[in-house]
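Notes follow once the structure below has been shown.
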Amino acid sequence: MTRKKLEGIEDYQGAAAGWGALKAVADAVRGQMSPAKETHGLLTMNQPHGFDCPGCAWPDPKHTSSFEFCENGAKAVTWEATAKRTTPEFFASHTVSELWTWQDYDLENEGRLTHPMVYDRATDRYLPISWQDAMSQIGAALRALPDPNMAEFYTSGRASNEAAFLYQLFVREYGTNNFPDCSNMCHEATSVGLPESIGVGKGTVTLEDFDHSDCIFCIGHNPGTNHPRMLTTLREASKRGVPIIAINPLRERGLERFTSPQSPVEMLTLDSTPIASSYYLVKVGGDIAVLKGMMKTLLALDASSLAKGGPGLLDREFIAAHTTGIEALLADIEATSWDAIEAASGLPRFDIEAIGNVYAKANRVIINYGMGITQHRHGTGNVQQIANLLMLRGNIGREGAGISPLRGHSNVQGDRTVGITEIPNDALLDGISRVFGFEPPRAKGHNAVEAVEAIRDGRSKALICLGGNLAVAMSDPQATFEAMRGLDLAVHIATKLNRSHLLLARQSFILPCLGRTEIDMQATGPQAVTVEDSMSMVHASRGGLKPASEHLKSEPAIIAEMAMATLPNTKVRWSEMIADYNKIRDAIEAIFPAFKDFNARVLHPGGFRPRNAASEREWLTPTKKANFLIYPGLEEDPPNENALTLTTIRSHDQYNTTLYGLNDRYRGIKGRRDVVFVNAQDLAKRGLSHGDIVDVSVDDPAEQGLSERILRGVTAVAYKIAEGSVAAYYPEANVLVALDHYDAKSGTPSYKSIPVQIKPAADATSKPN
Ligand SMILES: Nc1nc2c(c(=O)[nH]1)N[C@H]1C(S)=C(S)[C@@H](COP(=O)(O)OP(=O)(O)OC[C@H]3O[C@@H](n4cnc5c(=O)[nH]c(N)nc54)[C@H](O)[C@@H]3O)O[C@H]1N2
Ligand SMILES: Nc1nc2c(c(=O)[nH]1)N[C@H]1C(S)=C(S)[C@@H](COP(=O)(O)OP(=O)(O)OC[C@H]3O[C@@H](n4cnc5c(=O)[nH]c(N)nc54)[C@H](O)[C@@H]3O)O[C@H]1N2
Ligand SMILES: [Mo]
């Protein structure tokens, strides 16, 4: 089929990374920083003595001798280490009402925040304020709330272990467990699902396991964009002939072919390494069906092996010694028909049997997964079916095998480890009470959706944000924005200006902090912080750049000052811990046994891995076994033949709500984001064609076509995407996600599964290109 030529939309022919990546970095660097800084910053990234890349949570190889080049890591660093500044003069010349009309990209592109600011209603501007005045006003406002549970304390996953630990300590001494965090919108289905299955809410593999694996699955994640350093690992495996199977509704270039910038030969010869050996375009939301189909195939192969007198294909020793629930699982798989599996997955039985065969033949399997699995109404069910599939062949807790959730933010996993959770366990609370001598609250707090609901309903009146852009990241901007404008107090600890800061409360503050790349100087000298990657390695991070402004404070220091200003009778010696972060780590060690000898072990280049019981086949579940768990049925929403299912995705030029630019190179999109990716058949069925301007609206039978949730005037792009599935960019598409559209078990918004209709744009004034 020849395609219409459209402005900014073409087919991308190259492999992932390669020269295009180098050029993209050069472009980003030119726009943001001075050359001397750039070289220093990039060269110390992910080195044993440098800073941890704020890009993603993929681990570093043990012996990092040369820095691993990564386009998107470099963009994250240049965006933070930019030479641009958002100063008091900037705020003086723009009212907040004016800034509200700016694009998100333009707000952050003003550069680093330099001064603490307070909103002034009379002039509709943010004005500079001293740290001391800001803190005493914030402390007074928090003390004035009738109940500490009327405040929400949000965390975004860049915060270090030290910052996150102090934050949870402050908030619990203040008296609440209201810890909405970005993890609630991300891997909560993992944090809730895996403890029930295997007793820990984290993955069980290490980077070394990839060297020993003989089969790797990539389900619902896009490593070329979101975990680019993973491509190096996948490339090695691919070169060893390991089958790599991608299950994804979109053809993603990073999963297909990769030119390694680490390989001079590939760069010079324009050669590339194929990544996925097979690629299956599952329907959005069809993963449970594929996983059950694979289990069905495995059980059939097992039965035929046994019938021929063979040993069978299930790991019966593992199942007997280590698990419960196998009978119920077998009954559920037995009762699931191939017709239903084909309908829900969009894949023919033949394909699923082929994947099941590869799985059954391999001895050491790793399954990686990301947001394509977790951000669904059945996200927890998805995660637990992955665990089931692995457990059937004993693929958990041995070398070269295991479950590998790819975490999002560079320290989102560590933040959880050191206590950022709305559902704290007794060990954590007893530890706090033993070490610090106050009684932390025991009642469950709010997750991210519950926090926004409480704010909307007026039950919560204060919002403190340790980083992030909660209002834009959250579903339902219509409801969320309005809710946040009803707050009494909003405090944002941030590096850059974003839309959440412009949703004004009665009192609003912006507190500028140091970034990862910068020197953190305290009374005893420059400090290091620690982070935990996707594979649970805890390691140190030391910034080397001069801070963006002399008025910046570190996140731990800001939290400590807020605590002292809020809690006059605090039991915690905040100043001592800020003077020397080793004391924060001592306190972490005193509460969490896994951090024994924290300060000594973190000095080890590459860090250390706190014990992961499931990796050693110790199951910290109530049954003391790993549990096979059932998800009834295959569908997450009632089937509706006319609706399409929309998933929301990240472009190659974005970090969550931060847009570095408007290109999405691997998907062939240039200079724009107003597109919806649709299968050509689905376009034809609706009488539409590539390039038509369409409205995407939520298919809500109750609203009978009167849905208020509409993404207007986007260009339909015919794309290699599973039939029945469509995709649009996050966060623009959040207008289509209702606040109550989430996984009932984990509260994770189902950003990846929204039933929609696509129709020619109502406003036909915008002509197709
Ligand atoms: N450069 C960069 N790096 C990042 C981020 C970033 O924004 N930019 N964000 C960070 C964060 S916080 C996170 S959580 C991670 C996110 O990393 P990913 O998990 O890769 O996130 P998404 O871009 O949302 O993409 C999910 C992938 O799942 C596919 N998908 C969508 N729906 C389904 C489905 O129903 N089933 C299956 N099998 N697949 C589906 C999409 O096609 C896409 O390829 O990346 C982190 N790293
Ligand atoms: N539709 C849809 N919605 C989604 C998703 C999706 O796939 N689809 N993904 C969800 C996911 S996985 C996540 S994790 C959330 C992300 O939600 P958040 O974590 O809240 O959002 P970010 O865009 O990462 O936050 C960017 C802001 O963080 C601040 N910042 C950057 N670095 C630092 C720092 O070092 N310190 C401090 N204090 N601030 C800093 C800057 O001010 C910047 O503007 O979005 C969720 N929303
Ligand atoms: Mo995330």
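Each position in the sequence shown, counted from 1, maps to that position plus 9 in my numbering. Note that beta-carbon positions come from the ideal geometry of N, C-alpha and C, so glycine has one too.
Taking C-alpha positions only, Tyr114 is separated from Ala92 by approximately 16 Å. Ile593 and Phe174 have their alpha carbons spaced roughly 8 Å apart.
Cys62 has its CB no nearer than 7 Å to any heavy atom of ligand 3. At a cut-off of 7 Å, the beta-carbon of Asp691 does not count as near ligand 1: no heavy atom of the ligand is closer than that. Membership of Glu161 in the beta strand (DSSP E) is indicated by the continuous run 160 to 164. With fewer than three CB-CB distances shorter than 8 Å, the stretch 442 to 451 does not count as touching the stretch 395 to 413. Looking at the DSSP output, Met126 bridges to Pro137, Ile519.
Per DSSP, the continuous alpha helix (DSSP H) segment holding Ala588 begins and ends at 583 to 588. With a contact defined as Cβ atoms closer than 8 Å, Asp683 and Val723 qualify at about 5 Å. Around ligand 3, the residues selected by a Cβ distance under 6 Å to any of its heavy atoms are Cys191, Cys195, Gly417, His418, following chain order. Secondary structure at Asn397: helix, using DSSP grouped into helix, strand and coil.
When only Cα atoms are considered, Ala285 and Leu203 end up about 26 Å apart. CA-CA distance, Thr666 to Asn391, rounds to 26 Å.
In terms of CA proximity to Val86, Asp61 leads the group Thr489, Lys562, Asp61. CA-CA distance, Asp424 to Leu437, rounds to 13 Å. Look at Met303 here: in three-state DSSP terms it is helix.
A contact between stretches requires three or more CB pairs, one per stretch, nearer than 8 Å, and the stretch 763 to 770 fails this requirement with the stretch 301 to 310. Taking 8 Å as the cut-off, the beta carbon of Asn372 is found no closer than this to the beta carbon of Asp542. Here the distance from the Cβ of Pro740 to the nearest heavy atom of ligand 2 is below 7 Å. Close CB contacts of Gly467 within its chain, under the 7 Å cut and outside five residues either way in sequence, are with Gly495 (chain order). Using a C-beta cut-off of 8 Å, the stretch 504 to 513 makes contact with the stretch 476 to 491, since at least three inter-stretch Cβ pairs fall below that distance. Secondary structure at Tyr669: coil, using DSSP grouped into helix, strand and coil. Non-local C-beta neighbours of Met573 in its own chain, meaning closer than 7 Å and more than five positions away in sequence, comprise Thr579, Trp583, ordered along the chain. Rounded to whole angstroms, the separation of the alpha carbons of Leu315 and Cys65 is 45 Å.
Counting C-beta pairs with one atom in each stretch, the stretch 187 to 196 and the stretch 548 to 565 have fewer than three that are closer than 8 Å, which means they do not touch. DSSP links Lys562 through a beta bridge to Cys522.
By the neighbour-count criterion, in which 16 or more other beta carbons inside 10 Å mark a residue as buried, Ala471 falls on the buried side. Of all C-beta pairs linking the stretch 177 to 188 to the stretch 450 to 462, three or more are shorter than 8 Å, placing the two stretches in contact. Each of Pro97, Ala727, Cys79, Thr234 was checked against the Cα of His560, and the nearest Cα belongs to Pro97. Between Val201 and Thr426, the alpha-carbon positions lie close to 14 Å from each other. The nearest non-hydrogen atom of ligand 1 is 7 Å or more from the C-beta of Asp595.
Between Glu644 and the set Gly295, Glu205, Gly40, the nearest pair of CA atoms involves Gly295. Taking C-alpha positions only, Ile364 is separated from Ile254 by approximately 8 Å.
Secondary structure within the stretch 632 to 713: the beta strand (DSSP E) runs of 3 or more consecutive residues, fully enclosed, are 653 to 658, 684 to 687, 702 to 707 (chain order). Relative to ligand 2, the nearest heavy atom lies less than 7 Å away from the CB of Ala503. Here Ala353 is actually not in contact with Ile639; their C-beta atoms are around 16 Å apart, not less than 8 Å.
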